[in-house]
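**Q**
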Amino acid sequence: MVLPAVPAQAITHPKAAEAVSVLVELLQDRGEVMSASSFRAVVKCLGVLVGFCDSEDWDSVKLGFETLLKFSVDKRRRFSNVLKFVLKGFFNPFSPPQSQRRLNSSTTLMTAQFSALTRHILKIIEALLETSRAEVIIPEADNIISSLSSYVFLGEKNPADTVICAATLLRGTLDKLDDGDWSSWLRNLPLVFCSVAAFGF
Numbered sequence: 001m002v003l004p005a006v007p008a009q010a011i012t013h014p015k016a017a018e019a020v021s022v023l024v025e026l027l028q029d030r031g032e033v034m035s036a037s038s039f040r041a042v043v044k045c046l047g048v049l050v051g052f053c054d055s056e057d058w059d060s061v062k063l064g065f066e067t068l069l070k071f072s073v074d075k076r077r078r079f080s081n082v083l084k085f086v087l088k089g090f091f092n093p094f095s096p097p098q099s100q101r102r103l104n105s106s107t108t109l110m111t112a113q114f115s116a117l118t119r120h121i122l123k124i125i126e127a128l129l130e131t132s133r134a135e136v137i138i139p140e141a142d143n144i145i146s147s148l149s150s151y152v153f154l155g156e157k158n159p160a161d162t163v164i165c166a167a168t169l170l171r172g173t174l175d176k177l178d179d180g181d182w183s184s185w186l187r188n189l190p191l192v193f194c195s196v197a198a199f200g201f
């Protein structure tokens, strides 16, 4: 309850990163046996502490970010409101390197088959596409398109709403390329077309 009210400069980046590591270890070791209220409290603290980490140093943010993403799908805990609180910071404007790292991390976790993480990953990619300029997306475009195309290509094996969302994000990524990298747009168009055609759009 107190941590969210702590001034931004009161916790140094190294201390925040150290505290994140402690909480991640706690969640990994004890998360399954924690009460729902304790679990929510730890996750919320973790989200706040990630915000205190050095946002320019992706290595110090990555552990907390990916842990939040993985635990966000634990339906037994029913902490959707907490999830919104801890992840909303990742949807704010970032410097180009920060946004690229978040995109890279999200696409790395994306698999061709639906998983408990899929909807959250799609939301993160969507938010970053909406808030980032073309020059931020272009370096990660190949990875984004490869991940999303593989997912869309499986079509009916994945939930229809997520396939439609992924296809929409493919179009958004192509639009970014159209604004800044025509050669990449041409290179990726056949892959996008084949995956979308396979689903029957």
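For the sequence shown, position 154 matches number 154 in this note's numbering, and the numbering has no gaps at all. Where is the CB? At the ideal position from N, CA and C, for every residue including glycine.
By how many angstroms is the C-alpha of Phe71 removed from the C-alpha of Gln100?
**A** 23 Å
**Q** Leaving out the 5 sequence neighbours to the left and right, which residues in its chain are closer than 8 Å to Phe65 when beta-carbon positions are compared?
**A** Val50, Phe90, Arg102, Ser105
**Q** Label Ser147 either buried or exposed according to how many other C-beta atoms from any shown protein chain fall within 10 Å of its C-beta, with 16 as the threshold for buried.
**A** buried
**Q** How many angstroms separate the CA atom of Ser38 from the CA atom of Ile125?
**A** 30 Å
**Q** Can you tell me the Cα-Cα spacing of Thr107 and Ala116, whole angstroms?
**A** Note on geometry: alpha-carbon atoms of Thr107 and Ala116 lie some 15 Å from one another.
**Q** Whole angstroms are fine: how far does the CA of Ala112 sit from the CA of Ser195?
**A** 12 Å
**Q** Distance check for Val43 and Phe193, CA to CA, integer angstroms please.
**A** 40 Å
**Q** Identify which residue in Asn188, Ala127, Ala19 has its Cα closest to the Cα of Leu63.
**A** Ala19
**Q** Going by beta-carbon coordinates alone, are Gly172 and Ile138 separated by less than 8 Å?
**A** no
**Q** Exposed or buried, Ser183, counting other C-beta atoms within 10 Å across all chains shown (16 or more means buried)?
**A** Around the beta-carbon of Ser183, fewer than 16 other beta-carbon atoms lie within 10 Å, marking it exposed.
**Q** Starting from the C-beta of His279, find all residues in its chain whose C-beta is less than 8 Å away, skip the five residues before and the five after it, and write them out in chain order.
**A** Coverage of the chain is limited to positions 1 through 201, which leaves residue 279 absent and any answer about it impossible.
**Q** Just reading off the alpha helix (DSSP H) that Ala166 is part of, what are its end residues?
**A** 160 to 180
**Q** To the nearest angstrom, report how far apart Pro96 and Ala134 are at their CA atoms.
**A** 10 Å
**Q** Thinking just about the alpha-carbon of each residue, which of Phe199, Arg187, Glu140, Lys157 is nearest to the one in Thr168?
**A** Phe199
**Q** Comparing alpha-carbon positions, which option in Cys165, Thr131, Gln98 lies nearest Leu122?
**A** Ranking Cys165, Thr131, Gln98 by CA distance to the CA of Leu122 puts Cys165 first.
**Q** Using the three-state DSSP reduction, which class does Gln113 fall into: helix, strand or coil?
**A** DSSP places Gln113 outside both helix and strand once states are collapsed to three, so it counts as coil.
**Q** My output table needs one value for Asp37: the three-state DSSP class, helix, strand or coil.
**A** The sequence shown places Ser at residue 37, rather than the Asp named in the question. In the structure shown, Ser37 falls within a helical segment according to DSSP collapsed to helix, strand and coil.
**Q** What's the gap between the Cα of Lys157 and the Cα of Ile11?
**A** 46 Å
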